[in-house]
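Residue numbers (the numbering used here): 7 to 484.
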């Protein structure tokens with residue numbers, strides 16, 4: 007945190023986002039990438055016959071990383087143009103190459119191509135963290151794949167599931183997000199060098215109308231910057247729909263993590279499962295006994311921000327006029343960066359929480375057993391029919407007994423449904439027979455097998471293919 011307490015500092019930088027993600031959106035990353043793009047442009051133009059020498063390209067390459075910011079800032083005060091100020095500053099470090107920097111290009115050559123490169127690198131970091139969250143949850147799902155627990159529809163107890171099977175629901179949504187992230191990474195294209203209105207007119211002039219050289223130059227730049235191609239057509243900028251699509255992907259991650267965090271907050275209320283709690287952590291300034299799910303709450307909070315933020319590039323894409331307007335710039339430099347910083351912060355907390363989820367088996371069992379007699383009524387009824395009962399009559403009696411037993415529980419008593427059924431001669435069934443049905447494993451269906459199959463078929467191959475990036479740990483600063 008800065009020593010200056012008199013100016014605003016983004017909480018993304020001081021509290022939430024990782025140094026790695028902050029660097030990707032830093033000035034140094036931006037301006038060194040500009041310089042790399044200028045090197046790629048000059049190298050390509052030289053190879054295609056323009057009067058540029060290897061010595062000039064080498065000089066540019068030698069000063070990619072030692073940016074003279076003081077000169078650039080002084081120049082910008084004079085010319086009021088960020089790109090030209092950096093062209094001039096670069097030229098002062100590269101006197102031999104100064105005259106050929108940015109040759110034929112417009113500002114979007116460095117600005118837009120850098121934005122694509124930054125988003126690609128940020129998506130790669132997001133991908134790495136998603137895979138590590140998946141790995142944590144896969145381990146959790148495997149460990150608890152056979153532990154029965156209450157499942158809910160409408161937040162009301164329904165048929166049981168297992169703790170591990172529920173975790174596969176979280177993993178499956180992360181898998182959907184991972185596939186979307188990988189699609190975005192593999193389909194991102196550079197703008198290339200399209201010129202002021204996207205017609206490449208300045209390059210037609212430079213290359214004397216040689217279209218093949220212009221197209222080749224674009225391929226060379228794309229390859230040098232690690233891309234397979236550039237966009238086929240554009241105005242001055244790449245389509246702002248790309249920003250919208252990328253932030254929609256980040257919104258999807260936020261949605262997944264928000265669902266997870268809300269589930270965990272509810273389970274912590276049920277005292278079945280809890281997020282990790284530090285030894286000296288304070289849950290409440292007023293109530294010493296409290297253990298609040300503050301990390302999950304923070305996920306919920308940040309996810310809400312990212313989901314809403316994804317609307318910014320959607321509106322920008324929809325309001326660009328013709329070949330470009332500048333109402334995108336101020337918005338996009340904030341909204342895109344903060345969507346990534348927010349998503350990074352969310353995934354940091356996800357990594358921390360999923361690495362130490364606490365499970366309380368006895369409470370899980372107690373809460374399940376309190377409801378199991380109601381869930382066993384179908385099996386009990388079928389046994390009673392086998393013993394000579396009438397299904398329709400027994401169904402009505404079960405309805406009456408169940409509602410009466412539920413009322414006893416609501417009034418503070420214990421569930422007496424098994425006793426009510428055993429004492430009703432219509433069922434012709436003993437208490438011992440009823441207790442045979444009060445085994446949770448009988449009601450989880452294929453949950454354990456589904457968990458095993460899902461992990462084996464869909465998750466383990468991903469973890470195996472990415473084992474070199476596993477093992478990510480996050481210690482939260484607050």
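Ideal Cβ positions, reconstructed from N, Cα and C, are used throughout, including at glycine.
Specify the secondary structure class of residue 326 as computed by DSSP and reduced to three states.
In this structure, residue 326 counts as coil in the three-state DSSP scheme.
If you measure between the beta carbons of residue 370 and residue 440, is that distance less than 7 Å?
The answer is no: Cβ separation not under 7 Å.
Among the candidates 283, 257, 352, whose CA atom is the shortest distance from the CA of residue 313?
If we check each option's Cα against that of residue 313, 257 comes out closest.
Buried or exposed for residue 295, going by 16 or more other Cβ atoms inside 10 Å?
The predicted model places residue 295 with a pLDDT of 48, which falls under 50 and marks its position as unreliable; any figure quoted below should be read in that light. Around the C-beta of residue 295, fewer than 16 other C-beta atoms lie within 10 Å, and the residue is accordingly described as exposed.
What ranges does the alpha helix (DSSP H) occupy inside the stretch 56-90, keeping only unbroken runs of at least 4 residues that lie completely in it?
For secondary structure counted as the alpha helix (DSSP H) over 4 or more consecutive residues, the stretch 56-90 holds these complete runs in sequence order: 60-68, 75-85.
Residues sharing a beta bridge with residue 222, DSSP
DSSP output for residue 222 lists no bridge partner at all.
Measuring CB atoms only, is the stretch 186-205 touching the stretch 225-244, in the sense that at least three cross pairs come out at less than 8 Å?
With the cut-off at 8 Å, the stretch 186-205 and the stretch 225-244 touch.
Given that a residue counts as buried once 16 or more other Cβ atoms are within 10 Å of its Cβ, and exposed if not, what is residue 119?
That one is buried.
Residue 362: which of 380, 144, 249 sits nearest, CA to CA?
Comparing Cα positions, the closest option is 144.
Assign residue 306 to buried or exposed, taking buried as 16 or more other Cβ atoms, counted over all protein chains shown, within 10 Å of its Cβ.
Under this definition residue 306 is a buried residue.
Got a sec? Which residues, its chain only, sit under 7 Å from residue 247 by beta carbon, not counting five neighbours each side?
Once the five neighbours on either side are set aside, the close Cβ partners of residue 247 are 323.
Would you identify the three-state DSSP class for residue 359, choosing helix, strand or coil?
Helix, per DSSP.
By Cβ distance, which residues of its chain are closer than 8 Å to residue 27, with the 5 residues on each side in sequence left out?
Counting only residues of its own chain and dropping the five nearest sequence neighbours on each side, residue 27 has a CB closer than 8 Å to the CB of 128, 131, 346, 347, 350.
In whole angstroms, what is the alpha-carbon distance linking residue 13 and residue 94?
Rounded to the nearest angstrom, the two C-alpha atoms are 31 Å apart.
Rounded to whole angstroms, what is the Cα-Cα separation between residue 223 and residue 47?
Going by the C-alpha atoms only, they are around 8 Å apart.
When we look at the beta-carbon of residue 340 and count the other beta-carbons within 10 Å, is it buried (16 or more) or exposed?
Around the beta carbon of residue 340, fewer than 16 other beta carbons lie within 10 angstroms, which makes this residue exposed.
Which one of 123, 310, 158, 170 has the shortest CA to CA distance from residue 377?
Comparing Cα positions, the closest option is 158.
Check for me: the alpha helix (DSSP H) holding residue 161 runs from which residue to which?
Where residue 161 is concerned, there is no enclosing alpha helix (DSSP H), given that its DSSP letter is neither H nor E.
Taking residue 178 as the reference, give the member of 476, 262, 37 with the closest Cα.
The shortest C-alpha separation from residue 178 is found at 262.
If I measure Cβ to Cβ from residue 427 and keep anything under 7 Å in the same chain, skipping five residues before and after, which residues do I get?
These residues qualify, in order along the chain: 386, 407, 433, 435, 440.
Look up residue 294 in the DSSP assignment and say whether it is helix, strand or coil.
Because residue 294 sits at a pLDDT of 48, beneath the cut-off of 50, its placement in the model cannot be relied upon, and the following sentence gives the value as read from the coordinates. Reduced to three states, the DSSP call for residue 294 is coil.
Do three or more CB pairs link the stretch 76-94 to the stretch 16-34 at distances below 8 Å?
No, because fewer than three Cβ pairs between the stretch 76-94 and the stretch 16-34 fall closer than 8 Å, the two stretches do not touch.
Give the straight-line distance between the Cα atoms of residue 507 and residue 311, rounded to the nearest whole angstrom.
Limits of the chain in this structure are 7 at one end and 484 at the other, which puts residue 507 out of reach.
Should residue 176 go down as buried or exposed, given a rule of 16 or more other Cβ atoms within 10 Å for buried?
In this structure residue 176 is buried. Its beta-carbon is surrounded by 16 or more other beta-carbon atoms within 10 angstroms.
Between which two residues does the alpha helix (DSSP H) holding residue 275 run?
Residue range 247-276 is occupied by the alpha helix (DSSP H) that includes residue 275.
Is the distance from the Cβ of residue 126 to the Cβ of residue 187 below 7 Å?
The answer is no: Cβ separation not under 7 Å.
Helix, strand or coil at residue 435 [DSSP, three-state]
Coil at residue 435, not helix or strand.
Can you give the Cα-Cα distance for residue 80 and residue 209, rounded to whole angstroms?
Linking residue 80 to residue 209 through their CA atoms gives a straight-line distance of about 30 Å.
Host alpha helix (DSSP H) of residue 407 (start-end)
397-416 is the span of the alpha helix (DSSP H), which, as asked, contains residue 407.
When you compare the stretch 101-111 with the stretch 54-65, are there three or more beta-carbon pairs, one atom per stretch, that lie closer than 8 Å?
Yes: the two stretches touch, three or more of their Cβ pairs being nearer than 8 Å.
Going by DSSP, name the residue or residues bridged to residue 167.
Beta-bridge partners assigned by DSSP to residue 167: 155.
Distance between residue 373 and residue 154 (C-alpha atoms, nearest Å)
Those two C-alpha atoms are separated by around 11 Å.
Helix, strand or coil for residue 342, going by three-state DSSP, please let me know.
Helix.
Helix, strand or coil at residue 482 according to DSSP, with G and I counted as helix
In the structure shown, the three-state DSSP call for residue 482 is coil.
Please classify residue 473 as buried or exposed, where buried requires at least 16 other C-beta atoms within 10 Å of its C-beta.
Looking at its Cβ environment, which holds fewer than 16 other Cβ atoms inside 10 Å, residue 473 is exposed.
Distance, Cα to Cα, residue 171 vs residue 457?
Note on geometry: alpha-carbon atoms of residue 171 and residue 457 lie some 5 Å from one another.
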